[in-house]
Structures are given as C-alpha cells and as structure tokens.
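Trainee: Numbering (our numbering), first residue to last: 28 to 403. Ideal Cβ positions, reconstructed from N, Cα and C, are used throughout, including at glycine. After the structure tokens below, expect a handful of questions from me.
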C-alpha cells in the first residue's frame, strides 16, 4: 500500500515543481533584476555585466565663501551701485570735462526702493563756476562747491531701472580766460531700500555641476522673528538666538548664475553679525569604466536592433546627474532615481572589437549591477 502511494506521489511532486518553475518564469522571479519592477533578459543578448559600485564625488569642501557682513534686517538697507576713487573736472573756453555713468538698478532693489544717495568729497577747487550733478536730465546739485563732503538724495520718483548720471564743472562765466577746476574724491552712488535685506550671489556652471550644499552662518541679536528666503523659497523662519547655521541644497530652487538671499524681519529689527555663505563643492571624483568585446556578427545585428544598457541604482547618496559614455559618445547626462533604468545606444556609438562604457556622476551614486547588450 505504501509503495503504491510513494509511486503515485513522485509524479505529483514533479508536476508541482514544474508548475512552480513555470509560475516563477511568468512572474519574472527567475533571471530578473533586483528592482521594484523586475524585468527579464529574454530577447536581450547580454555582452557584458558588472557591478559598478560608487561613482561620482565622495568628499566635499567649502570651496567658496561669500561675506555679507553685519546688517540689521527690518530697517533701511543700502548697497553701493557704483564707486569711483576720484577724478578731476575742468571747464574752459577749450571744452568741458564730463564724467558720465550708466547706473542700472536690479529689479529686486527697485521693488522696495526708497531713494538714491550720491555722495562725494570736493578735495580742491578754485570755485570759478558751478559743480553740476545731473540725474536723468535733472540737476540735483548746481552750485559753487568749496572743499567739503556732500550728499545728494534722488527720490524714487526720478529713479528708473536704467539711469544716466553726469558730473561736470560749468564754465567760469565772465572769467572767460580762466578754467573752472574741481577735484573729486570718494564718489559713490548708493541705493536705499528695505526693510528686508537682499543679497545676490553667483553660482557658475562648474559650481552647479559639483554643488553639494550651502550654509549661511551668522550670529544674531534681537528677540524678533527672522525669515530667510532663497530665490523666493523660505529656508528659515524662527527667532534666532546666538550662532545660527542655515543649510540649503538643490531642492531650494538654486539657479546657475544669480541667486537671491532675502532676510526679512517684519516684527522688528534683528541684527545679524558677520554673516557669510559657504558653498560646499564635491571633490574626489570616481569614474568607472567597463570594457567589452563585440563580434562582427553582433555588430551587424546592432545595425537593425537597439543597443541597450540596463543598470540598477541601489542608493543616491548625493543627488546629481549620471553621465554614461560609450566609446566617448555621451548616451545620457541626467538625474536618475533609485531602481532600474535603461539607456539605449546606436550602431554608430559602438564598434566591432573592443568597446568601453564609462559611468560618472556629479553627485554620489551606488550602482549594484549593469548589463550592456543588444535587443533581439
């Protein structure tokens, strides 16, 4: 009785195993990637497979520091738009010396502009005639100026985003044989705006390619709330106390070129001492290269079929672009998430014989597995 039962059990067991294997093949559990969505190598001629490991930049350093200094958020702010150490002016029957400047005011200052202040010192003059300071065709200063310091205010009604400033000495009048002479020192044009403090800073293309993070450092005094925005996006909103460090990264709306930090204290003034921005860039780049051979028949097959590279990203330690080259030809240069990804290549990218595929990144990425081949 037991022998018959054993004889009948063996075929049933074999049939069950066959069914399980078939189900596994259908569901993609055999020959699949270790990815969330699976995928088999069926219809894919694998030429080479390898574990890539870590690519990109594994270290970071504070490569650039932007000093903002000490200021009071919540009060009137000022920024120097133009500064000239000094110049001389002379007017006579032979001609007039005229200093002409274009003064462009960025839109982020125009939005809360209060006035323009022009300051200078007359170091020396014979005062044979007037000194003239003209802003957009209007004389804001026109008189004989003895040696002293002067400050001229231009109200917002006369200020545009693009302005023309002229400084010159008028003729000596009845003393036609003489020259009217002025020596000017420490000539400055400042914009007064506020009460929010705005500070622009630049990130180059190279900075953006290896950017890791930024840190704003300051020592705060005051008991009111401080809000900090980066390109309009809030990155800090609290009552600061003593030393503070505010971090930002790519998720904070960074731009290649100009970026704007805005310090807002609507509830009352907050003093920020020794404010600086540290830009951290990635260093110690790791690039992985994998060589593989392509036979004549495989190269011919590629002419009418797609070449394909499958790779699985285990971990994105630092977000950045992954660049894949085949024989020096860039196949992709994009940001990838964790999981399986596929990139295609053409017949012209490959060659018969030895080929090299290269993986690099502007971030830090761990790739556990790579397969390169030809779809069939």
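1. In the DSSP assignment, what are the bridge partners of residue 271?
2. So for residue 405, helix, strand or coil by DSSP?
3. Can you tell me whether residue 78 is buried or exposed, with buried defined as 16 or more other CB within 10 angstroms of its CB?
4. Take the Cβ of residue 266 as the centre, count every other Cβ of all protein chains shown within 10 Å, and call the residue buried at 16 or more, exposed below.
5. From the DSSP output, which residues share a beta bridge with residue 119?
6. With contact counted as at least three CB pairs below 8 angstroms, one residue from each stretch, are the segment 272-292 and the segment 329-338 in contact?
7. What is the rounded straight-line gap between the Cα of residue 173 and the Cα of residue 163?
8. Compare the C-alpha of residue 248 against each of 394, 158, 97 and name the closest.
9. What residue range does the beta strand (DSSP E) around residue 323 cover?
10. Should residue 226 go down as buried or exposed, given a rule of 16 or more other Cβ atoms within 10 Å for buried?
11. For residue 119 and residue 186, what's the separation of their Cα atoms in angstroms?
12. Tell me which same chain residues have a C-beta within less than 6 angstroms of the C-beta of residue 93, skipping the five on either side of it?
13. Does DSSP classify residue 229 as helix, strand or coil?
14. Residue 314 to residue 392, Cα distance in whole Å?
15. Looking only at C-alpha atoms, which of 368, 260, 310, 243 sits nearest to residue 299?
16. Per DSSP, what kind of secondary structure is residue 178 in: helix, strand or coil?
17. Determine, using beta-carbon pairs with one atom in the segment 355-363 and one in the segment 104-122, whether at least three such pairs fall under 8 angstroms.
18. If you draw a straight line from the C-alpha of residue 400 to the C-alpha of residue 72, how long is it?
19. Any chance the segment 153-160 sits against the segment 189-200, with 3 or more Cβ pairs inside 8 angstroms?
20. So is residue 260 buried or exposed if we call it buried at 16+ other beta carbons inside 10 Å?
21. Output needed for residue 142: all residues of its chain with C-beta closer than 7 angstroms, excluding positions within five of it in sequence on either side, in chain order.
22. Which value, in whole angstroms, describes the spacing of the CA atoms of residue 237 and residue 175?
23. With residue 146 as the anchor, note down where its beta strand (DSSP E) starts and where it stops.
24. Please give the ranges of any alpha helix (DSSP H) in the segment 254-312, keeping only runs that are unbroken, at least 4 residues long and fully inside the region.
Mentor: Looking at the coordinates:
1. Partner(s): 245.
2. The question about residue 405 has no answer, for the chain in this structure spans 28 to 403.
3. By the neighbour-count rule (16 or more Cβ atoms within 10 Å), residue 78 is not buried but exposed.
4. Using a 10 angstroms sphere on the CB of residue 266, the tally of other CB atoms stays under 16, which defines it as exposed.
5. DSSP lists 122 as partners of residue 119.
6. With the cut-off at 8 angstroms, the segment 272-292 and the segment 329-338 do not touch.
7. Here the alpha carbon of residue 173 sits roughly 25 angstroms from the alpha carbon of residue 163.
8. The shortest C-alpha separation from residue 248 is found at 97.
9. Taken as a continuous stretch (DSSP letters only), residue 323 belongs to no beta strand (DSSP E), being part of the alpha helix (DSSP H) at 323-329.
10. In the assembly as shown, residue 226 is a buried residue. Its beta-carbon has 16 or more other beta-carbons within 10 Å.
11. One Cα belongs to residue 119, the other to residue 186, and the distance between them is close to 31 angstroms.
12. Excluding sequence neighbours, residue 93 sits near 228, 304.
13. Residue 229 falls in the strand class under three-state DSSP.
14. Their backbone Cα atoms lie some 11 angstroms apart in a straight line.
15. Nearest of 368, 260, 310, 243 to residue 299, Cα basis: 243.
16. DSSP, read as helix, strand or coil, puts residue 178 in strand.
17. Touching, no, given that fewer than three Cβ pairs across the two stretches are closer than 8 angstroms.
18. Roughly 5 angstroms separates the two Cα atoms.
19. Contact between the segment 153-160 and the segment 189-200 is present, because at least three Cβ pairs lie under 8 angstroms.
20. Its Cβ having fewer than 16 others within 10 Å, residue 260 is exposed.
21. Result list for residue 142: 180, 181, 182, 183, 219, in chain order.
22. Taking C-alpha positions only, residue 237 is separated from residue 175 by approximately 51 angstroms.
23. Residue range 140-152 is occupied by the beta strand (DSSP E) that includes residue 146.
24. As far as the segment 254-312 is concerned, it has no whole alpha helix (DSSP H) run of at least 4 residues.
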